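Student: Chain order of the listed sequences is A and B.
Residue 1 is where the first sequence starts when you use the working numbering, and the numbers rise one by one after that.
Residue 182 is where the second sequence starts when you use the working numbering, and the numbers rise one by one after that.
Glycine residues also receive a C-beta, built at the ideal position from the N, C-alpha and C atoms.
Since the structure is predicted, the reported quantities are computational estimates derived from the model, not experimental observations.
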Amino acid sequence: MLQDKLLIWRLRRGRVDALRQIYDKYKAYLLKLAITLTGDACHAEDVVQDVFLKLAESYDRISVHGNLRNFLITCLVNRIRTLRRDGRRHQAAQFDGSAIERSHDSPPEHWAVVNEQMQRISEAMAKLPVEQREVVTLRFEAGLGFRQIASLQNASINTVQGRYRYGMDKLRSLLNGEVEK
Amino acid sequence: MKSADEIKRLFNSAAVQTNAAPDDAVFETLKTAYARTVEHKSAQRELSMWRSVMKSPSAKLAAAAVVVIACLIGLSLWRTTGSGIALADVLARMEQVKAYRSTTSAQWSEKVTGEDPNNPYNFKARLTGLKSKEYGRKVTSEELDPNGGWSKTGESYYLLPKRTLISISLKQKKYRRTEFDDRWADGWGGDGPLEWTKRMLEYKYESLGRSTIDGIEVEGFRTTDPNYGIPINRGESKIQGDWKIWVDVKTRLPVRCDYTCVLFYQMENKKKYEHIVVHDFQWDVPVAAADFEPVIPDDYTGIVIRFPAHITEETTIQGLKVWAELLGKYPENIPIEADFADVGDTVLRLAEKSETPAAMRLKEEMKGLTDEQIKNKLVDFLMPIRGLDLFYMRLQWYKKDRAYYGKIATPKDADKVLLRWKVSDKEYRVIFGDLHGETVSAEKLAELEKALPK
Numbered sequence: 001m002l003q004d005k006l007l008i009w010r011l012r013r014g015r016v017d018a019l020r021q022i023y024d025k026y027k028a029y030l031l032k033l034a035i036t037l038t039g040d041a042c043h044a045e046d047v048v049q050d051v052f053l054k055l056a057e058s059y060d061r062i063s064v065h066g067n068l069r070n071f072l073i074t075c076l077v078n079r080i081r082t083l084r085r086d087g088r089r090h091q092a093a094q095f096d097g098s099a100i101e102r103s104h105d106s107p108p109e110h111w112a113v114v115n116e117q118m119q120r121i122s123e124a125m126a127k128l129p130v131e132q133r134e135v136v137t138l139r140f141e142a143g144l145g146f147r148q149i150a151s152l153q154n155a156s157i158n159t160v161q162g163r164y165r166y167g168m169d170k171l172r173s174l175l176n177g178e179v180e181k
Numbered sequence: 182m183k184s185a186d187e188i189k190r191l192f193n194s195a196a197v198q199t200n201a202a203p204d205d206a207v208f209e210t211l212k213t214a215y216a217r218t219v220e221h222k223s224a225q226r227e228l229s230m231w232r233s234v235m236k237s238p239s240a241k242l243a244a245a246a247v248v249v250i251a252c253l254i255g256l257s258l259w260r261t262t263g264s265g266i267a268l269a270d271v272l273a274r275m276e277q278v279k280a281y282r283s284t285t286s287a288q289w290s291e292k293v294t295g296e297d298p299n300n301p302y303n304f305k306a307r308l309t310g311l312k313s314k315e316y317g318r319k320v321t322s323e324e325l326d327p328n329g330g331w332s333k334t335g336e337s338y339y340l341l342p343k344r345t346l347i348s349i350s351l352k353q354k355k356y357r358r359t360e361f362d363d364r365w366a367d368g369w370g371g372d373g374p375l376e377w378t379k380r381m382l383e384y385k386y387e388s389l390g391r392s393t394i395d396g397i398e399v400e401g402f403r404t405t406d407p408n409y410g411i412p413i414n415r416g417e418s419k420i421q422g423d424w425k426i427w428v429d430v431k432t433r434l435p436v437r438c439d440y441t442c443v444l445f446y447q448m449e450n451k452k453k454y455e456h457i458v459v460h461d462f463q464w465d466v467p468v469a470a471a472d473f474e475p476v477i478p479d480d481y482t483g484i485v486i487r488f489p490a491h492i493t494e495e496t497t498i499q500g501l502k503v504w505a506e507l508l509g510k511y512p513e514n515i516p517i518e519a520d521f522a523d524v525g526d527t528v529l530r531l532a533e534k535s536e537t538p539a540a541m542r543l544k545e546e547m548k549g550l551t552d553e554q555i556k557n558k559l560v561d562f563l564m565p566i567r568g569l570d571l572f573y574m575r576l577q578w579y580k581k582d583r584a585y586y587g588k589i590a591t592p593k594d595a596d597k598v599l600l601r602w603k604v605s606d607k608e609y610r611v612i613f614g615d616l617h618g619e620t621v622s623a624e625k626l627a628e629l630e631k632a633l634p635k
C-alpha cells in the first residue's frame, strides 16, 4: 500500500518510470479481472488498455491518500458497464474510421495469455447474469466487501448479498465437475 | 455441490500472463498519452496560476515586483551559466540528421567489491561507428594492442531495413548472421546520443552550463537519476551512473557524450565499472549503400541465427522440450550460448553421444550432409532453443526474480521446479520438470524450492 502511495506521488510528478511500475504491477491482475467480468479475452484487453489510458490521462485525479488498486478496479468496472450499456453504439463504431485506426494501433499478437483454469472460469462466469458475475468477481478476485460492491453497483447490501448467493449457487453447479478435477 | 473455498481455490489457480511484444506496444501508447497529458497540464497550471495572480490588484503589484527580481536574477544566471539550449531542441535537431560518424572510447572492468575504485578499468576498446537512417549502423571495434596502438577485432552491421545483424570476429575468423522479425527491429536500433537524449528528457536532469571542448563552445546536460540506467540494465541489482551530453551551442548537436557507471551484482557480490565516451562526431556525412555491405573473407565460417517471432512462455517450454527430447535431460544452465560459441555446435556435440529417438533421428538426417547444409538445417530446429535463452535474459532485464534448476529437475519430475519467475508481488510462475506450468504463491514456491535436493 505504501509502495502504491509512493507510485502515485511519483506519477503525479510526471515520472514515466512510475507509470511503468504501476503498469507492470497491475496489468495481469486487471486482465484477469476483466476476462472474468467480460468472458472475452480480446474485449478484456481493450478494456484494460482503456483503464491504463484513463490513468495516464487523469493521473492528477488520484489522491496520494487514495487507493490505487481500488481506483483501477472502479475504472475497470465502470468501463465495462459503459461499453455494455453502449453496446450498439460501440458495435457501430467498429465500422467507422476511428475503429479502423485503433485496430492498426492495437498489437497483432494477443496481449493476454490465459491458462486452462482461467479459461474454465471465464466460460462458467459468462453464463451468470451480469450483476451476479460482477458481485462474485469483485468479492473473489478483487476482495471487495459487500458494502464497497453495493456502492459500486448502486444497490443495497441485501441486494448485493442476494446476487452473491444466487451467483455462487449457479457457479457451483456449473463448476461442479470442474472443481473435482 | 462444491464449497466456496474450492471455487476460491480454482479462482486462485486461474492465471493470466502477458506477451512481451504487445505488452511493450501497449505501454508505448500509455507513455505517449501520459507525456502529452503531463505537458498539457503543466502548461495549463502555469496559465491558471498567472490568471489567479492577476485577479487581485495587490497581487498584480507583488507579481510585478517578483518579475523584476526574477529578471535580475535570471540575467545574472544567464551570464554565468550561459544556459539557453533546450534539450528537446537538441533531440529535434538530431532527428533531422540523416547519417553521422562517431568514435566511442570504452573502458570497463569486472572487479570484486572492495577493490580499488580509483583504478577500476582493466579493458579498453574503441568503436568507430557510422549510423544512417536509411541503411542502419556499422561499428568497427578495436582493442588496445599490447605491442602498442589499436588492433581491429571485429565489425558489426545492424542492417535494419534488411532486418539483419551481421557480426564478424576477426580474431576467430567467424561470422554470424542474425535474422530478426519486424517487431524486434526497435530493440536493435542501438544506443547512441539520440537515445540518450530521449531518455534524459524523461528523467530529472540539470544544465552544466557552458564550457569549451576541442575549441567548440558547448553546453552540458547531466543526469544521475538511477532510473535513467534501467534500459541498459542487464540484470544488475543497482546502477549508479553519471550521464552527460555536451552540445555545440551553434549547431545544437552533441560534441561529446559520456557516462561513468557502477553496476552492482548483488547475488555475486560483484560490481563492474564502465566509462564510455562518444566523441569525434561528424554530423550529416554522405553515405552510400556500399558502406553497409559487409565483406566476409572466404576462409571465415559462419552461422545463421533466427529467433522465434514472439518469445513467450510457450516458446520457452518448446525450447526446453526440444532440448530434453534430443538429449534426455534439460540444459544445465541458461543462457546456453556464450559469445561466438554457438549453441548449434553444443547441441550437435551432445547429440552425437545421445541415444534418444530424437537424437538418432537427427543423426540419421545429418548423414551425408555438408557442414553448410547441416548449419542451414539447424537454423529452424534451434529456433526454440535460442528463444529459451532470450526469454531467460528478458526475465533478468525486467528483474523478474528468475531461477533455473536444469541440473536438478528432469523431464519426469512433475513436482520439481525447473524454471520460475515472479509475476506479481505475491506470485510466481513455475514451470515444473514435466513442463506443466502453474502460478503459485511465494510461500508455496519457497516450499517447492526447499524440497529440491541440494
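Determine the extent of the beta strand (DSSP E) in which E619(B) is found, giving its start and end residues.
Tutor: Position 438 of the second sequence, counting from 1, holds the residue named residue 619(B). Counting along the chain, the beta strand (DSSP E) containing E619(B) begins and ends at 618-622.
Student: Just checking my contact of T36(A) with M168(A) at CB under 8 Å: how many whole Å lie between their CB atoms?
Tutor: Position 36 of the first sequence holds residue 36(A). Position 168 of the first sequence holds residue 168(A). Actually they are not in contact, since the Cβ atoms of T36(A) and M168(A) sit about 14 Å apart, beyond 8 Å.
Student: Considering only residues of the region 415-472 of chain B, which uninterrupted beta strand (DSSP E) runs meet the minimum length of 3 residues and lie entirely inside it, listed in chain order?
Tutor: 419-429, 435-446, 451-464
Student: When the Cα atoms are used, what is the spatial distance from R165(A) to L144(A)?
Tutor: Here the question's residue 165(A) lines up with position 165 in the first sequence. Here the question's residue 144(A) lines up with position 144 in the first sequence. Approximately 15 Å, taken between the alpha carbons.
Student: Residues in the region 530-553 of chain B with C-beta within 9 Å of chain A's C-beta atoms, listed in sequence order?
Tutor: none
Student: Are the C-beta of V399(B) and some C-beta of chain A separated by less than 7 Å?
Tutor: Start at 1 with the first residue of the second sequence, and residue 399(B) comes out as number 218. No, V399(B) does not count as interfacial toward chain A.
Student: Which residue or residues does DSSP assign as beta-bridge partners of V485(B)?
Tutor: Taking the second sequence and counting its residues from 1, one reaches residue 485(B) at position 304. R358(B), per the DSSP bridge assignment.
Student: Under 9 Å between beta-carbons, which chain A residues line up against K502(B)? List them in chain order, please.
Tutor: For the purposes of this step, residue 502(B) is taken as residue 321 along the second sequence, with counting starting at 1. Per Cβ cutoff of 9 Å: no residues; K502(B) is ~17 Å from chain A at best.
Student: Looking at chain B, is there any beta carbon in it that lies within less than 7 Å of the beta carbon of D166(A)?
Tutor: Position 166 of the first sequence, counting from 1, holds the residue named residue 166(A). Checking the sequence shown, residue 166(A) turns out to be Tyr, not Asp. Y166(A) does not count as touching chain B.
Student: Quick one: give me the first and last residue of the beta strand (DSSP E) that K333(B) is part of.
Tutor: Along the second sequence, one-based indexing puts residue 333(B) at 152. First-last of the beta strand (DSSP E) with K333(B): 331-340.
Student: Taking 6 Å as the cut-off, is the beta-carbon of L174(A) closer than that to any non-hydrogen atom of the ligand FMN?
Tutor: The ligand content of the structure shown is nil, which means the ligand FMN is not present either.
Student: For G167(A), which beta-bridge partners are listed by DSSP?
Tutor: For the purposes of this step, residue 167(A) is taken as the residue at position 167 of the first sequence. Per DSSP, none; premise fails for G167(A).
Student: To which residues does DSSP link F304(B) through a beta bridge?
Tutor: Numbered from its first residue, the second sequence carries residue 304(B) at position 123. Beta-bridge pairing links F304(B) to W289(B).
Student: Look at the Cβ atom of F462(B), then the Cβ atom of Y23(A), and state whether they are nearer than 7 Å.
Tutor: Stepping through the second sequence from its first residue, residue 462(B) is reached at position 281. Stepping through the first sequence from its first residue, residue 23(A) is reached at position 23. Contact flag unset, no.
Student: What are the boundary residues of the beta strand (DSSP E) that includes A112(A)?
Tutor: Residue numbering aside, residue 112(A) sits at position 112 when the first sequence is read from its first letter. Residues 112-114.
Student: Just grab the DSSP bridge partners of E323(B) for me.
Tutor: Stepping through the second sequence from its first residue, residue 323(B) is reached at position 142. In the DSSP output, where bridge partners are listed per residue, E323(B) has R307(B), K333(B).
Student: Do S283(B) and V468(B) count as a contact pair if the criterion is CB distance below 7 Å?
Tutor: Taking the second sequence and counting its residues from 1, the one referred to as residue 468(B) is at position 287. Taking the second sequence and counting its residues from 1, the one referred to as residue 283(B) is at position 102. In this structure, S283(B) does not lie closer than 7 Å to V468(B) by Cβ.
Student: With a threshold of 7 Å between beta carbons, is L272(B) in contact with chain A?
Tutor: Translated into the one-based positions of the second sequence, residue 272(B) becomes position 91. Answer no: the Cβ-Cβ gap between L272(B) and chain A never drops below 7 Å.
Student: Going by DSSP in three states, K32(A) sits in which element: helix, strand or coil?
Tutor: Residue numbering aside, residue 32(A) sits at position 32 when the first sequence is read from its first letter. It is helical.
Student: Can the beta-carbon of W289(B) be found less than 7 Å from the beta-carbon of R307(B)?
Tutor: Position 108 of the second sequence, counted from the start, is the residue given in the question as residue 289(B). Position 126 of the second sequence, counted from the start, is the residue given in the question as residue 307(B). The answer is no: Cβ separation not under 7 Å.
Student: How would you call A280(B), buried or exposed, if buried means at least 16 neighbouring beta carbons within 10 angstroms?
Tutor: Translated into positions along the second sequence, residue 280(B) becomes position 99. That one is buried.
Student: Rounded C-beta distance between L600(B) and I612(B)? I'm assuming under 8 Å.
Tutor: Translated into the one-based positions of the second sequence, residue 600(B) becomes position 419. Translated into the one-based positions of the second sequence, residue 612(B) becomes position 431. About 4 Å separates the Cβ atoms of L600(B) and I612(B), confirming a contact at the 8 Å cut-off.
Student: Sorted by chain position, which residues of the same chain lie with C-beta nearer than 7 Å to V51(A)'s C-beta, five sequence neighbours on each side aside?
Tutor: Against the first sequence, residue 51(A) aligns to sequence position 51. Closer than 7 Å at Cβ, skipping near neighbours: L30, L72, C75, L76, R79.
Student: Does any CB atom of chain B fall closer than 7 Å to the CB of I121(A)?
Tutor: Looking up residue 121(A) in the first sequence gives position 121. Closer than 7 Å to some Cβ of chain B, the Cβ of I121(A) qualifies, so yes.
Student: Please determine, among E628(B), K431(B), W377(B), the residue with the shortest C-alpha to C-alpha distance to V399(B).
Tutor: The residue you call residue 399(B) lines up with position 218 of the second sequence. Nearest of E628(B), K431(B), W377(B) to V399(B), Cα basis: K431(B).
Student: Give the straight-line distance between the Cα atoms of L272(B) and D465(B), rounded to the nearest whole angstrom.
Tutor: The sequence position of residue 272(B) within the second sequence is 91, counting from 1. The sequence position of residue 465(B) within the second sequence is 284, counting from 1. Taking the straight line from one Cα to the other gives about 15 Å.
Student: Given this structure, state the Cα-to-Cα distance separating Q499(B) from V560(B), to the nearest angstrom.
Tutor: Within the second sequence, numbered from 1, the residue matching residue 499(B) stands at position 318. Within the second sequence, numbered from 1, the residue matching residue 560(B) stands at position 379. Their backbone Cα atoms lie some 15 Å apart in a straight line.
Student: In this structure, does DSSP put Y511(B) in helix, strand or coil?
Tutor: Position 330 of the second sequence, counted from the start, is the residue given in the question as residue 511(B). Three-state result, Y511(B): coil.
Student: Touching or not, the region 499-516 of chain B and the region 380-389 of chain B, by the rule of three or more beta carbon pairs under 8 Å?
Tutor: no
Student: Would you give the residue range spanned by the alpha helix (DSSP H) that V271(B) belongs to?
Tutor: Taking the second sequence and counting its residues from 1, one reaches residue 271(B) at position 90. Note, V271(B): alpha helix (DSSP H), 268-277.
Student: Could you check which residue in D270(B), V503(B), D204(B) has the C-alpha nearest to that of P538(B)?
Tutor: In the second sequence, residue 538(B) corresponds to position 357, counting from 1. Comparing C-alpha distances from P538(B) to each of D270(B), V503(B), D204(B) shows the shortest one belongs to V503(B).
Student: Please classify L171(A) as buried or exposed, where buried requires at least 16 other C-beta atoms within 10 Å of its C-beta.
Tutor: Taking the first sequence and counting its residues from 1, the one referred to as residue 171(A) is at position 171. Counting Cβ neighbours within 10 Å, L171(A) comes out buried, since at least 16 surround it.
Student: Cα-Cα, which of R403(B), T591(B), Y356(B), S348(B) is closest to D479(B)?
Tutor: For the purposes of this step, residue 479(B) is taken as residue 298 along the second sequence, with counting starting at 1. Measuring from the Cα of D479(B), the nearest candidate turns out to be Y356(B).
Student: Excluding sequence positions up to five away, which residues of its chain have a Cβ less than 7 Å from the Cβ of L571(B)?
Tutor: Counting from 1 along the second sequence, the entry for residue 571(B) is found at position 390. Only F488, I492 meet the Cβ criterion.
Student: For V598(B) and G310(B), I'd like the C-alpha separation in whole angstroms.
Tutor: On the second sequence, residue 598(B) is found 417 positions in, with the first residue counted as 1. On the second sequence, residue 310(B) is found 129 positions in, with the first residue counted as 1. So the two alpha carbons sit approximately 45 Å from each other.
Student: Just to make sure I have the definition right: I need the residues of chain B whose C-beta is within less than 9 Å of the C-beta of N115(A). Which are they?
Tutor: Counting from 1 along the first sequence, the entry for residue 115(A) is found at position 115. Per Cβ cutoff of 9 Å: S194, A195, A196, V197, Q198, G618, E619, T620.
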